[in-house]
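S.K.:
Residue numbers (the working numbering), protein chains in the order written: chain A, 30 to 121; chain B, 691 to 830.
(1) Note down the Cα distance separating residue 777 of chain B from residue 706 of chain B, rounded to an integer number of angstroms.
(2) Distance cutoff 8 Å, beta carbons only. Does residue 54 of chain A sit that close to anything in chain B?
(3) According to the Cβ coordinates, are residue 796 of chain B and residue 804 of chain B closer than 8 Å?
(4) Is there at least one Cβ from chain A nearer than 8 Å to residue 745 of chain B's Cβ?
(5) For residue 45 of chain A, does the count of other Cβ atoms within 10 angstroms reach 16, so buried, or fall short, so exposed?
(6) Count the other CB atoms within 10 Å of the CB of residue 692 of chain B; is the residue buried (16 or more) or exposed (fewer)?
(7) Going by C-alpha distance, which of A:30, A:41, A:33 and A:35 is nearest residue 79 of chain A?
(8) Compare the beta carbon distance of residue 69 of chain A and residue 95 of chain A with 8 Å and say whether it is the shorter of the two.
(9) Using C-beta distances below 7 Å, list every residue in its chain close to residue 821 of chain B, excluding the 5 sequence neighbours before and after it, in chain order.
(10) In the DSSP output, which residue or residues are listed as bridge partners for residue 798 of chain B?
(11) Cβ of residue 77 of chain A less than 8 Å from any chain B Cβ?
(12) Could you check the C-alpha separation between residue 72 of chain A and residue 100 of chain A for me, to the nearest Å?
(13) Applying a beta-carbon distance threshold of less than 8 Å, which residues of chain B neighbour residue 107 of chain A?
(14) So which residues on chain B does residue 60 of chain A lean against when the C-beta distance must stay under 9 Å?
(15) Excluding the five sequence neighbours on either side, which residues of its own chain have a C-beta within less than 8 Å of the C-beta of residue 713 of chain B, listed in chain order?
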């Protein structure tokens with residue numbers, strides 16, 4: 030096992046632990062914005078996972094998935110924020 | 691050699707993302723949690739994608755990785771601002787040891803407006819005087 034393999038394996042382990050902690054916050058809440066923040070972090074962690082996967086298996090096209098995921102996570106966060114404010118068509 | 695550098699960059703990025711997740715789990719209220727996730731999360735993802743760009747060093751892959759990093763850095767502050775604003779307007783409780791809430795008493799939930807910041811300046815001065823009170827007495 031080369032040093033490269035060892036370090037990338039460590040990256041996967043660390044990211045898995047981070048996913049687990051973000052998931053605990055997603056379940057525990059306590060308020061809806063907390064869950065939205067946890068979801069955003071989950072999306073960001075998944076982008077990191079895809080990056081590690083791309084290097085580990087050498088499948089560069091998967092990076093497109095990471096790009097779309099980052100885009101949809103941003104849209105989801107903004108949509109949730111609008112929903113939470115319960116704005117009624119304010120023009121700000 | 692370039693493989694090891696790339697792997698180390700990814701390890702550093704994963705470490706930052708771990709810190710972000712630790713922050714979101716352990717911090718006491720919403721704004722401190724966002725403080726952890728927004729900054730450490732974006733930096734972690736950026737470092738990991740930098741590792742990808744360095745590992746392949748191919749115009750297509752590197753351009754995509756850089757595009758993701760730039761996009762994340764542009765959108766993360768906007769999303770965090772929107773969520774933080776929505777949470778404040780919702781009335782999500784702050785941590786009990788919060789030192790300063792600059793909008794305290796200025797947001798009117800009925801009209802959805804912010805009042806001007808006239809009284810706050812006076813409050814701040816009073817606080818400053820009271821903090822320096824002990825030192826002033828000691829001087830006298």
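No residue lacks a Cβ here, since even glycine has one placed at the ideal position from N, Cα and C.
M.R.: Concretely, from the data shown:
(1) Residue mapping note: residue 777 of chain B aligns to position 87 of the second chain, counting from 1. Residue mapping note: residue 706 of chain B aligns to position 16 of the second chain, counting from 1. Computed Cα separation, rounded: 25 Å.
(2) As a first step, residue 54 of chain A must be located in the first chain, where it is residue number 25. Taking Cβ atoms only, chain B reaches closer than 8 Å to residue 54 of chain A, which makes this a yes.
(3) Position 106 of the second chain, counted from the start, is the residue given in the question as residue 796 of chain B. Position 114 of the second chain, counted from the start, is the residue given in the question as residue 804 of chain B. Result yes, Cβ atoms of residue 796 of chain B and residue 804 of chain B sit closer than 8 Å.
(4) For the purposes of this step, residue 745 of chain B is taken as residue 55 along the second chain, with counting starting at 1. Chain A, which has a Cβ nearer than 8 Å to the Cβ of residue 745 of chain B, makes this yes.
(5) Here residue 45 of chain A refers to the residue found at position 16 when the first chain is read from its first residue. Result: exposed.
(6) Residue 692 of chain B sits at position 2 when you count from the first residue of the second chain. Per the 10 Å Cβ criterion, exposed.
(7) On the first chain, residue 79 of chain A is found 50 positions in, with the first residue counted as 1. Ranking the options by Cα distance to residue 79 of chain A, first place goes to A:41.
(8) In the first chain, the residue the question calls residue 69 of chain A occupies position 40. In the first chain, the residue the question calls residue 95 of chain A occupies position 66. No, the Cβ-Cβ distance between residue 69 of chain A and residue 95 of chain A is not below 8 Å.
(9) Residue numbering aside, residue 821 of chain B sits at position 131 when the second chain is read from its first letter. Only weak support exists for where residue 821 of chain B lies, its pLDDT of 44 falling under 50; the value from the coordinates is given anyway. There are no such residues.
(10) As a first step, residue 798 of chain B must be located in the second chain, where it is residue number 108. According to DSSP, residue 798 of chain B bridges with B:803.
(11) Along the first chain, one-based indexing puts residue 77 of chain A at 48. Yes, because at least one Cβ of chain B sits closer than 8 Å to the Cβ of residue 77 of chain A.
(12) Reading the first chain from its first residue, position 43 is the one you call residue 72 of chain A. Reading the first chain from its first residue, position 71 is the one you call residue 100 of chain A. If I take the Cα positions, the gap works out to 10 Å.
(13) In the first chain, counting from the first residue as 1, residue 107 of chain A sits at position 78. Simply 768, 769 and 772.
(14) Here residue 60 of chain A corresponds to residue number 31 of the first chain, with the count starting at 1. Residues of chain B passing the Cβ test: 720, 777, 780, 782 and 783.
(15) The count along the second chain starts at 1 and reaches residue 713 of chain B at position 23. Excluding positions up to five away in sequence, the list reads 722, 723, 725, 726, 727 and 730.
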